[in-house]
Amino acid sequence: MKNFTFVYLFILMLSPAVIFGQAPQNIKKLEEKYTEYFKLDREVVFLHLNKTTVLPKENLWISAYVYNPKLHLPNKETANLNIDIFSEDGKFLDSKTILVSGGKGSLYFDLDPNTFAPGTYYLRASTNYMRNFEEDLSYLQSFTIYAEGEPRERAKESFDLQLLPEGGHLVTGVLSSVGVKLINDKGRGTSFTEAKVLNSAGVEITSFDSNDFGMARFNLTPRENEAYKVVLTTGNGEQISKKVPQAQMSGIALTSYERKDFYIFSLKTNEETRQSLDDKKFFLAIHKDGAIKDVAFQFPENKLEANIRVEKDSLFTGVNTITVFNEALEPVLERLIFNSRDLKHLPVAAKNTARRGDSLSVELTASRPLNNNSMSISVLPAKTLAYNANHSIVSAFYLKPYIEGSIDHATYYFSPGEDQRKMYDLDLLLLTQGWSKYNWNKIFSKPAQEIYASETGFSIEGTITGRNAKKHTSLFVRSEDSGLLEFVEINEDDTFRVDNLYIEDSTALAIGLVNERNDKITKPRVSFRISPVKTRQQPLAASKMSKTFPVEETYTNRDRIDLISSDVSLDTISLIGIKKDSQKFRNESNTFQEEVAITDDIASRYFYVTDLIAKKGFRVIRTPTSVEIINNIPFSLNGNQSPLIIFNGAPMVNGAEMLIDLQTSQVESIVINKRGEGYGMQGGNGVIKVVTKRGAGTTQYSDTMLSIIADNGFSKDREFYTPRYSSYTSQAYEEFGTIDWISNLSLDAEGKAQFKILNTLQPEVKIIIEGINSEGYLISEELMVKTM
90 MKNFTFVYLF ILMLSPAVIF GQAPQNIKKL EEKYTEYFKL DREVVFLHLN KTTVLPKENL
150 WISAYVYNPK LHLPNKETAN LNIDIFSEDG KFLDSKTILV SGGKGSLYFD LDPNTFAPGT
210 YYLRASTNYM RNFEEDLSYL QSFTIYAEGE PRERAKESFD LQLLPEGGHL VTGVLSSVGV
270 KLINDKGRGT SFTEAKVLNS AGVEITSFDS NDFGMARFNL TPRENEAYKV VLTTGNGEQI
330 SKKVPQAQMS GIALTSYERK DFYIFSLKTN EETRQSLDDK KFFLAIHKDG AIKDVAFQFP
390 ENKLEANIRV EKDSLFTGVN TITVFNEALE PVLERLIFNS RDLKHLPVAA KNTARRGDSL
450 SVELTASRPL NNNSMSISVL PAKTLAYNAN HSIVSAFYLK PYIEGSIDHA TYYFSPGEDQ
510 RKMYDLDLLL LTQGWSKYNW NKIFSKPAQE IYASETGFSI EGTITGRNAK KHTSLFVRSE
570 DSGLLEFVEI NEDDTFRVDN LYIEDSTALA IGLVNERNDK ITKPRVSFRI SPVKTRQQPL
630 AASKMSKTFP VEETYTNRDR IDLISSDVSL DTISLIGIKK DSQKFRNESN TFQEEVAITD
690 DIASRYFYVT DLIAKKGFRV IRTPTSVEII NNIPFSLNGN QSPLIIFNGA PMVNGAEMLI
750 DLQTSQVESI VINKRGEGYG MQGGNGVIKV VTKRGAGTTQ YSDTMLSIIA DNGFSKDREF
810 YTPRYSSYTS QAYEEFGTID WISNLSLDAE GKAQFKILNT LQPEVKIIIE GINSEGYLIS
870 EELMVKTM
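The end of the sequence shown is residue 877 by our numbering, with every number in the run present.
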């Protein structure tokens, strides 16, 4: 190993040869500015789509995950997640809002052929809270609707060759590392061979090849007044070249060396610069998400390099940014590295456990038990070309938030196998990214301020006209579809406002004035609005679209695909009963779930539905104005013992309030799931599902309420269904068909989960799993499962 002069950094412990007895004032300023900039926690998003290439007449299912990268936990503060959809040219088309609970939410997207013609589209996920930050924290994912017919004429492929010195620049006479990246006109890395570094006389200095993603590195000691260029051959045989950035006559260069348990950051200079560095102080900072470790150092006397050794145990998990500052706190060098230690990534295996008739049973097994978890699962034929996501949940949360540019094949770096090779390739990726996403000018001058709050549900505000202020002091807002019932006090100026509501988009709302003297309901005259207001978004900038990668149209030269029967409406077809059978299997595997159909006998014995719930083992605490339901044997670790209440398909954000006066005779059925199995973190204290009889409790108000349609609200998820395919053995189905999508499945206390899929006669299926638990452990797998 090369001999080094070391400055050791163990957390913040340095060799006395270069350490300052007291931290310079500048270091304190650096720490304060950096910490202040990150005082507001960021939130980042990942979208898991059932497919990224869909056929005409198919629709899209999405699970969304929201994460706090500073805490490495699901972000429980997020409730409203906005999903905007844009056309291939960036035109805004539509917007949806997902209800996120415990860091997870799901969405069904109806791809109406009248609006969504074949082509490429972009989904952008963001929150109102993200607007507080200078950096773009939104998540962008493209998807393609298959274009039947003639393939597009392909233009000649063009290339961009990028040469990026490690740390930021080259210095004359100093050995440095240079990152190399070759990308095509779609922004994707493309491999190359026979690369050579030539001097001005055409003499070869060194040679190298790229990895599969068009990245490589070479070492160079540039000479004074010498020019260099890189010449290489692309995959299609084209030869291209580019000049190596000109070396500076004076300055400092940075080279990093990774060893098994530590890094060495070598800061080097030349003789011309060294004379000016006497008594000059520098600062090396290692930082991530508001946490910073730093040291002030000097070049050792008569030495041209200062070497800092950093133990991997002292690094942060994930992307670490290494920045070198001069005495004026001007950043002069920067390097990104990745520390994979303590990565919260839990492996999961899958196997086919049974074959019964037209169905297959699949069992998932985690490497260890995992509390309060939730997964989404896409099942596709093994030869599928229909799934090409930009990220996995691991790369979206551990890598994407720190990278300014695009990340090609981000899922590769965290997939199983050849870990050493993948970490080398990941280091190449970070080397060729240059500087980090966070700009130091902004860090020093623009600390984040919370101007935009996190949105929690929706608000209704308005004005009543023509009321009798003595009698009509309140009103109620009700939605049978959303399970909403709220009583609202009217202000003296005839205005009202109610916040944090669960409202479903485009559903009926009923508003009535309440006579406090006799409880009669009167239809009000009211002007109101639902906020946040749905607004038309600005077009998506081309620079944003370049950071995601549309699906390669490698399939456009195939014959016309006619997989979906045109004589059956997608809204009514089923896939040989798999929808019902699959759901039945999932429920049967849950021994803690009981469904009770309400009969006249049950209704006569239990006047209120809460009486029946109490009979089923929950503790019910009633007062004249409230009701609380408690699970006597909670399975959540968060201290809360109240189960999740789902009323007519909608999760209740206000707990059990909707049940306070609900009579059992008005209920069609209830489902008691004491362990909350199948509901992930949201169901940690159990789940109670209540379905009322149509119109229960509303007929007495039918002629005395103002009925309106909500122009905004949460988009409702929908149970997955597949179209009736004309063939399950054709090449078209193998490449573009779908088998199943499960938006919410949980591993049990033993780390196992089961689900059932249709047997489509494929010898193998691909199972794509993404998920998270309440402790921030991530699940991300692409598994092949044999079916025969």
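All C-beta atoms, glycine included, are put in the ideal place defined by N, C-alpha and C.
Item	Value
Could you pull the start and end residues of the alpha helix (DSSP H) that Arg398 belongs to?	Note, Arg398: premise wrong, no alpha helix (DSSP H); beta strand (DSSP E) at Glu394 to Glu400.
Classify Leu850 as buried or exposed, calling it buried when 16 or more other Cβ atoms lie within 10 Å of its own Cβ.	exposed
Let's test the definition: count the other Cβ atoms within 10 Å of the Cβ of Gly706 and tell me whether it reaches 16, buried, or not, exposed.	exposed
Tell me the rounded alpha-carbon separation between Glu824 and Leu449.	20 Å
Quick check on Thr204: buried or exposed, where buried means 16 or more other Cβ atoms within 10 Å of its Cβ?	exposed
Give the single residue among Thr818, Ser365, Ala838 and Met219 whose Cα lies nearest to the Cα of Asp130.	Met219
Which same chain residues end up closer than 8 Å to Glu605 when comparing Cβ atoms and leaving out the 5 residues on each side of it in sequence?	Lys560, His561, Thr562 and Ser563
If you compare alpha carbons, which of Phe175, Arg277, Asp225 and His258 is closest to Glu246?	Arg277
Need the endpoints of the alpha helix (DSSP H) that Gln337 sits in, please.	Gln337 -> no alpha helix (DSSP H), and no H or E assigned at all.
Using the Cβ count rule (16 or more neighbours within 10 Å means buried), how would you classify Met794?	buried
Contact between the region 615-622 and the region 548-556: three or more CB pairs below 8 Å?	yes
Short of 8 Å in beta carbon distance, which residues of its chain neighbour Asn409, apart from the five on each side in sequence? Order them along the chain.	Ile375, His376, Lys377, Leu425, Ile426, Phe427 and Asn428
Could you have a look at Tyr866 and say whether DSSP puts it in helix, strand or coil?	coil
Measure the alpha-carbon distance for Ser152 versus Leu834 and round it to whole angstroms.	11 Å
List the residues that DSSP assigns as beta-bridge partners of Phe198.	Leu149
Once the 5 residues before and after Leu321 are set aside, which same chain residues still bring their CB inside 6 Å of it?	Phe281 and Ala284
Determine, using beta carbons only, whether Gly268 and Glu423 come nearer to each other than 8 Å.	no
On the three-pair Cβ rule with 8 Å, is the region 302-309 touching the region 522-534?	no
Does the region 136-148 touch the region 437-457, meaning 3 or more C-beta pairs lie closer than 8 Å?	no
Here's a check: name, in chain order, each residue in its chain whose Cβ is nearer than 7 Å to the Cβ of Asp199, leaving out the five neighbours to either side.	Asn148
Name the one or two DSSP bridge partners that Gln230 has.	Leu212
Rounding to the nearest angstrom, what Cα-Cα distance links Asn589 and Gly546 in this structure?	5 Å
Do you know offhand how far Thr314's Cα is from Ser365's?	With the sequence shown as reference, residue 314 is identified as Asn, and Thr is not the correct amino acid for it. Those two C-alpha atoms are separated by around 21 Å.
What does the alpha-carbon distance come out to for the pair Ala336 and Thr358?	12 Å
Figure out for me which residue from Lys875, Leu867, Val874 and Thr876 has the closest Cα to the Cα of Asn461.	Leu867
Can Leu573 and Ile600 be called in contact, C-beta distance under 8 Å?	no
Where does Glu255 land, buried or exposed, given buried means 16+ other C-beta within 10 angstroms?	buried
Does Val874 come out as helix, strand or coil in the three-state DSSP assignment?	strand
Only counting the same chain, and skipping five residues up and downstream in sequence, which positions put a Cβ closer than 6 Å to that of Lys668?	Caution is warranted here: a pLDDT of 39 is assigned to Lys668, below 50, making its placement in the model unreliable, and the coordinate value is therefore given only provisionally. Closer than 6 Å at the Cβ level, and outside the excluded window around Lys668, lie Tyr810.
For Val260, report the span of its alpha helix (DSSP H) as first-last.	Premise fails: Val260 is in no alpha helix (DSSP H) and is neither H nor E.
Please state the DSSP three-state secondary structure of Gly278.	strand
Here's a check: name, in chain order, each residue in its chain whose Cβ is nearer than 7 Å to the Cβ of Trp529, leaving out the five neighbours to either side.	Pro420
Per DSSP, what kind of secondary structure is Arg131 in: helix, strand or coil?	coil
Checking the sheet assignment: what are the DSSP bridge partners for Tyr352?	Glu347 and Val399
Taking Asp402 as the reference, give the member of Ala395, Asp431 and Leu751 with the closest Cα.	Asp431
Can you name, in chain order, every residue of its own chain whose Cβ lies under 6 Å from the Cβ of Phe388, other than the five neighbours on each side?	Leu366 and Ala395
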